[in-house]
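Heads up: the sequence lines are chains U and X, in that order.
Residue numbers for the first sequence follow our numbering, beginning at 1 and rising by one.
Residue numbers for the second sequence follow our numbering, beginning at 228 and rising by one.
Glycine included, every Cβ here is placed at the ideal spot set by N, Cα and C.
Keep in mind it's a predicted model, so treat the numbers as computed, not measured.
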Amino acid sequence: IVGGHPGNSPWTVSLRNREGVHFCGGSLVNEQWVISTRQCFSSCDADLSGYEVWLGTLFKNPTSSDPEKQVISISKIVCGPSESHLVMLKLERPALLNSRVAIICLPPERYIVPEDTECEIAGWGETRGTGNENVLKVAMFSIISNDECNIVHKGRVKENEICTKAMAVEVGACEGDYGGPLACLTLDCWVLEGVIIPGRGCGRKGQPAIFIRVSVYVDWINKVMKM
Amino acid sequence: QRSPLNDYQRSKGVELVNSAHSTFLANEEFNIHVEECAKRCSELLDCRAFDYNWKTQGCQLLPWTQHSAHIHIQRNVLFDLYQKKDYVRDCFMGNGVSYRGTISKTEKGKTCQQWRLKSPHDHRHTPNPRNGLEENFCRNPDSDQQGPWCYTTDPAKRYEVCGIKRCEAAVCLSCNGEDYRGLVDHTESGRECQRWDLQTPHKHLFRPEKYPDKSLDDNYCRNPDSSERPWCYTTDPNINREYCHIHKCTDKKRLHHVEITHGCFKRKGEGYRGKVNVTTSGIPCQHWGAQTPHRHHFLPQKYQCKGLEENYCRNPDGSEAPWCFTTLPGMRVAFCFQIKRCTDDVEVEDCYNGYGELYNGYISKTRKGITCQKWSEQLPHKPHISPVTHPSAGLEENYCRNPDRDSHGPWCYTMDPKTQFDYCAIKPCAGDSKPFAIGDTGVIFDECGKRDNRVISKAR
């Protein structure tokens with residue numbers, strides 16, 4: 001995350017390749033399922049043996065003795081509907097929920113988040129020199145309508161996408177954050193309203209950021225978990 | 228610190244079965260380590276292989292291999308089969324004195340004479356349990372520099388070499404040898420390789436089960452990390468790893484399993500040869516030929532098949548997608564995720580209205596081209612939705628349907644055992660848009676989205 005600050009996001013998980021290197025983020029939506037983005041994976045039937053999800057740690061490179069770190073292998077990848085850019089990753093065993101590991105809520109189907117709702121992104125990705133490289137960072141944003149977003153993005157924002165308000169300083173997701181959550185507070189619960197996808201630039205000031213709108217795919221998410 | 232297993236080639240999940248008889252060299256013992264089995268087999272002159280049962284931790288020592296008469300390999304998840312390399316390799320190491328394969332023809336195609344016979348050619352080599360002069364198989368009892376040979380059955384030709392290749396030359400090296408699957412098990416300095424499935428004398432990350440596509444078999448030289456050439460950890464505790472000497476192919480300058488693309492990338496993008504030269508976030512890439520701001524070993528001259536031209540995004544190391552070293556000193560590498568993936572969707576032939584719950588067409592393939600499973604079938608997937616549970620949903624044959632009002636359109640269970648269901652190659656008809664819910668939906672969240680927000684007191 002460029003800008004932002006160290007924070008706590010117990011549903012944000014780190015995806016690790018066979019060498020144990022962090023390459024993308026994800027969100028825990030069920031004890032055994034993580035949502036991330038298709039761009040982070042080579043194919044919809046990629047062989048993910050040796051790939052792991054790390055949960056429960058705030059550090060990018062936690063020590064092997066970190067008592068709260070959970071390491072769980074990925075057993076399956078399921079690609080989302082066309083245009084969704086989403087993937088669901090099944091974990092080999094359920095994660096243990098505690099104060100460091102929690103499930104994020106899913107929004108109602110095809111729900112539009114009201115403008116000005118406060119949301120946050122989280123990740124262990126690139127900071128572009130804005131500090132705290134080795135810990136989980138979060139950054140706060142507020143939601144804008146797709147119509148407003150399209151003024152800047154010249155009509156390219158689709159209904160399966162959701163935007164956050166442009167900032168006056170450089171702050172936003174960057175390499176290594178992709179697949180992570182855009183979580184918005186509804187009543188007293190955090191809801192996964194968006195998934196971070198690669199965009200042009202990192203935290204560009206004066207530019208609304210675009211995410212995949214999760215509510216469009218909630219029925220698919222539930223169907224995959226149920227089946 | 229070599230392991231006795233180094234002399235064996237492992238085949239996972241199989242056992243050897245003798246259809247003629249079932250006598251073993253020794254009674255099966257239990258709770259023995261696999262290395263102890265290898266040691267015992269190596270000490271017996273007539274032991275050529277053993278089946279190791281992981282459940283009982285017992286082994287059966289066998290006087291035959293998969294190439295022996297009346298023997299076949301049978302799948303059995305409980306077993307791993309270990310066979311002495313000298314008996315199963317189709318190439319030879321060193322000068323081939325230890326070769327025990329079953330080739331019995333010379334390089335010119337003449338049939339070999341049985342070693343126990345003295346005609347048509349009389350000779351002084353008498354078979355015994357140690358020298359391996361069995362049947363009429365090619366052998367090298369006199370350490371001939373050209374490798375295994377035999378007396379021929381042609382009275383006019385006393386003996387001839389068999390033309391069996393040295394393992395270093397049997398399989399040549401194309402590009403950087405990531406796809407090398409040959410049988411060289413020594414480094415270029417002559418040190419023996421450590422087995423990939425062992426963690427001694429060197430502890431390492433390349434566990435074979437973590438890299439199933441890299442064929443980290445036994446202790447053979449491999450290139451799982453996009454090094455310059457195949458290499459291995461050595462059995463010398465003081466030397467961690469070394470390159471292996473393997474002949475280079477003369478004509479292969481491209482990776483045969485990689486499809487070249489320009490406007491988009493397929494699979495991991497190893498074949499991407501387009502001209503995108505900035506990272507996802509727009510940072511210019513460092514030229515592959517340059518060593519500043521980042522020093523690296525992916526030099527174009529050393530990785531000739533990887534398209535490391537200019538500063539274009541490439542994937543020379545099997546990463547998730549094309550990437551590059553960036554021109555920012557503080558950011559070493561970054562992916563070029565903005566390059567589009569080539570679509571592997573199949574041609575769309577039909578469209579549906581609404582969610583497609585009334586679609587009754589005849590498309591029966593998913594968007595990836597996989598044939599749909601019949602709704603009434605139980606294999607490869609046991610369906611939750613079937614003509615019995617949804618009798619009025621028109622679940623005929625294997626046609627795409629939408630019995631559960633899935634908002635992403637008609638779908639089906641697929642014939643691919645790894646993909647339970649997928650959406651079909653049908654698009655929504657033009658002009659259809661689906662309603663959204665704005666604002667308060669009255670949904671109450673239960674056991675999710677809660678976290679411990681510790682407030683740090685700012686009071687002194």
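### His-615(X) versus Lys-595(X) - alpha carbon distance
The residue you call residue 615(X) lines up with position 388 of the second sequence. The residue you call residue 595(X) lines up with position 368 of the second sequence. The displayed chain sequence assigns Val, not His, to residue 615(X). In this structure, the straight-line span from the alpha carbon of Val-615(X) to that of Lys-595(X) is close to 28 Å.
### Task
Along the alpha helix (DSSP H) that carries Lys-223(U), what are the first and last residues, could you check?
Indexing the first sequence from 1 puts residue 223(U) at position 223. It spans 218 to 226 - the alpha helix (DSSP H) in which Lys-223(U) sits, taken as one unbroken run.
### Query
So, is the C-beta of Arg-110(U) closer than 8 Å to a C-beta in chain X?
Within the first sequence, the letter at position 110 stands for residue 110(U). True, the Cβ-Cβ gap to chain X drops below 8 Å.
### Task
Along the beta strand (DSSP E) that carries Ile-653(X), what are the first and last residues, could you check?
Sequence index remark: in the second sequence, residue 653(X) carries index 426 (1-based). Where Ile-653(X) is concerned, the enclosing beta strand (DSSP E) starts and stops at 653 to 655.
### CB contact flag (Phe-525(X), Pro-549(X), <8 Å)
For the purposes of this step, residue 525(X) is identified with residue 298 of the second sequence, where counting begins at 1. For the purposes of this step, residue 549(X) is identified with residue 322 of the second sequence, where counting begins at 1. Going by C-beta atoms, Phe-525(X) is not nearer than 8 Å to Pro-549(X).
### Message
Which residues of the segment 53 to 85 of chain U have a Cβ closer than 9 Å to any Cβ of chain X? Give them in chain order.
### Response
The residues in question are Lys-76, Val-78, Cys-79, Gly-80, Pro-81, Ser-82, Ser-84.
### Query
Taking the continuous beta strand (DSSP E) assigned at Arg-468(X), which residues delimit it?
Sequence index remark: in the second sequence, residue 468(X) carries index 241 (1-based). Per DSSP, the continuous beta strand (DSSP E) segment holding Arg-468(X) begins and ends at 468 to 470.
### Task
Tell me whether Phe-672(X) sits in a helix, a strand or coil according to DSSP, three-state version.
Locating residue 672(X) in the second sequence gives position 445, where the first residue counts as 1. It is coil, neither helix nor strand.
#### Entry: Proximal residues to Thr-463(X) (C-beta, below 7 Å), its chain only, five neighbours per side dropped
For the purposes of this step, residue 463(X) is identified with residue 236 of the second sequence, where counting begins at 1. Here residue 463(X) is Asp; the residue named in the question, Thr, does not match the sequence. Excluding residues within five positions, the ones whose Cβ falls inside 7 Å are Arg-418.
### Query
Of all Cβ atoms in chain X, is any one closer than 8 Å to the Cβ of Phe-41(U)?
Position 41 of the first sequence holds residue 41(U). It does: the Cβ of Phe-41(U) has a partner Cβ on chain X nearer than 8 Å.
### Query
Does the segment 113 to 132 of chain U come within contact of the segment 638 to 651 of chain X, defined as at least 3 CB pairs closer than 8 Å?
By the criterion of at least three beta-carbon pairs nearer than 8 Å, the segment 113 to 132 of chain U is not in contact with the segment 638 to 651 of chain X.
#### Entry: Residue burial classification, Phe-257(X) (beta-carbon count within 10 angstroms, cutoff 16)
For the purposes of this step, residue 257(X) is taken as residue 30 along the second sequence, with counting starting at 1. Taking all protein chains in view, the Cβ of Phe-257(X) is surrounded by fewer than 16 other Cβ atoms within 10 Å, so the residue is classified as exposed.
### Task
Could you confirm whether any beta carbon from chain U is found closer than 8 Å to the beta carbon of Ser-453(X)?
Looking up residue 453(X) in the second sequence gives position 226. Closer than 8 Å: no.
### Task
For chain X, find out if any of its Cβ atoms is closer than 8 Å to the Cβ of Arg-16(U); answer yes or no.
Start at 1 with the first residue of the first sequence, and residue 16(U) comes out as number 16. So, not an interface residue.
### Query
Is Val-2(U) closer than 8 Å to Gly-172(U) when the C-beta atoms are compared?
For the purposes of this step, residue 172(U) is taken as residue 172 along the first sequence, with counting starting at 1. For the purposes of this step, residue 2(U) is taken as residue 2 along the first sequence, with counting starting at 1. Contact flag set, yes.
### Message
Checking the sheet assignment: what are the DSSP bridge partners for His-413(X)?
### Response
Residue numbering aside, residue 413(X) sits at position 186 when the second sequence is read from its first letter. Glu-419(X), per the DSSP bridge assignment.
### Query
Is any beta-carbon of chain U found at less than 8 Å from that of Arg-418(X)?
Within the second sequence, residue 418(X) is the residue found at index 191, counting from 1. Chain U, which has no Cβ nearer than 8 Å to the Cβ of Arg-418(X), makes this no.
### Task
Give a yes or no on whether the minimum CB-CB distance between Leu-443(X) and chain U is below 8 Å.
For the purposes of this step, residue 443(X) is taken as residue 216 along the second sequence, with counting starting at 1. Using beta-carbon distances, Leu-443(X) does not count as an interface residue toward chain U, since no partner is under 8 Å.
### Query
Can a CB atom of chain U be found closer than 8 Å to the CB of Arg-494(X)?
Sequence index remark: in the second sequence, residue 494(X) carries index 267 (1-based). Chain U, which has a Cβ nearer than 8 Å to the Cβ of Arg-494(X), makes this yes.
### Query
Quick one: does Glu-19(U) have its CB under 8 Å from some CB of chain X?
Indexing the first sequence from 1 puts residue 19(U) at position 19. Cβ-Cβ to chain X under 8 Å: yes for Glu-19(U).
#### Entry: Whole-angstrom distance between Asn-358(X) and Gln-531(X), CA atom to CA atom
Counted from its first residue, the second sequence places residue 531(X) at position 304. Counted from its first residue, the second sequence places residue 358(X) at position 131. Cα to Cα, the separation comes out at about 45 Å.
#### Entry: Three-state secondary structure assigned by DSSP to Pro-511(X)
Indexing the second sequence from 1 puts residue 511(X) at position 284. Here Pro-511(X) sits in strand by DSSP.
### Beta-carbon proximity check, Lys-345(X) vs Thr-338(X), cutoff 8 Å
For the purposes of this step, residue 345(X) is identified with residue 118 of the second sequence, where counting begins at 1. For the purposes of this step, residue 338(X) is identified with residue 111 of the second sequence, where counting begins at 1. Their beta carbons are not under 8 Å apart, which means Lys-345(X) does not touch Thr-338(X) by this criterion.
### Task
Below 6 Å CB to CB, which residues in the same chain sit around Gly-534(X) once its five sequence neighbours on both sides are set aside?
Numbered from 1 along the second sequence, position 307 holds the residue referred to as residue 534(X). For Gly-534(X), where only same-chain residues beyond five positions count, the Cβ hits under 6 Å are Arg-500, Arg-541.
### Message
So with CB distances below 7 Å, who are the chain C contacts of Pro-439(X)?
### Response
Considering every chain present, this structure includes no chain C. Its protein chains are U and X.
### Task
Please list the partners that Asn-8(U) has in chain X, where partner means a Cβ-to-Cβ separation under 9 Å.
What you label residue 8(U) is simply residue 8 of the first sequence in a count that begins at 1. In chain order: Arg-678, Asp-679, Asn-680, Arg-681.
### Message
In the DSSP assignment, the alpha helix (DSSP H) including Asp-147(U) goes from what residue to what residue?
### Response
What you label residue 147(U) is simply residue 147 of the first sequence in a count that begins at 1. Where Asp-147(U) is concerned, the enclosing alpha helix (DSSP H) stretches over 146 to 153.
### CB of Gln-39(U) within 8 Å of CB of Pro-198(U), strictly
Reading the first sequence from its first residue, position 39 is the one you call residue 39(U). Reading the first sequence from its first residue, position 198 is the one you call residue 198(U). The answer is yes: Cβ separation under 8 Å.
### Query
With DSSP run on the structure shown, which of helix, strand or coil describes Ala-664(X)?
Counting from 1 along the second sequence, the entry for residue 664(X) is found at position 437. In the structure shown, Ala-664(X) sits in a strand (DSSP, three-state: E or B).
### Task
Check the DSSP bridge columns for Thr-593(X) and list the partner residues they point to.
Here residue 593(X) corresponds to residue number 366 of the second sequence, with the count starting at 1. DSSP, once it has assigned bridges, lists Cys-651(X) as partnering Thr-593(X).
### Message
I'd like the list of long-range same chain contacts for Tyr-217(U), defined as Cβ closer than 7 Å, with 5 residues on each side in sequence excluded.
### Response
Reading the first sequence from its first residue, position 217 is the one you call residue 217(U). Only Gly-80, Pro-81, Ser-84, Leu-86 meet the Cβ criterion.
#### Entry: Segment limits, beta strand (DSSP E) that includes Ser-75(U)
Within the first sequence, residue 75(U) is the residue found at index 75, counting from 1. Ser-75(U) -> beta strand (DSSP E) spans 70 to 79.
#### Entry: Sequence-distant residues of the same chain with beta carbon closer than 8 Å to Arg-456(X), five excluded per side
Locating residue 456(X) in the second sequence gives position 229, where the first residue counts as 1. Excluding positions up to five away in sequence, the list reads Leu-400, Asn-403, Gly-404, Asn-450, Tyr-470, Cys-471, Ile-473.
### Message
Using a Cβ-Cβ cutoff of less than 6 Å, which residues in the same chain neighbour Gln-565(X) once the five nearest sequence positions on both sides are dropped?
### Response
Your numbering for residue 565(X) matches position 338 in the second sequence. Contacts found: Thr-507.
### Query
From the beta carbon of Ala-228(U), is the nearest beta carbon of chain X less than 8 Å away?
With chain U covering only 1 through 227, there is no way to say anything about residue 228(U).
### Message
Can you look up Glu-193(U) in the DSSP assignment and give me helix, strand or coil?
### Response
The sequence position of residue 193(U) within the first sequence is 193, counting from 1. Reduced to three states, the DSSP call for Glu-193(U) is strand.
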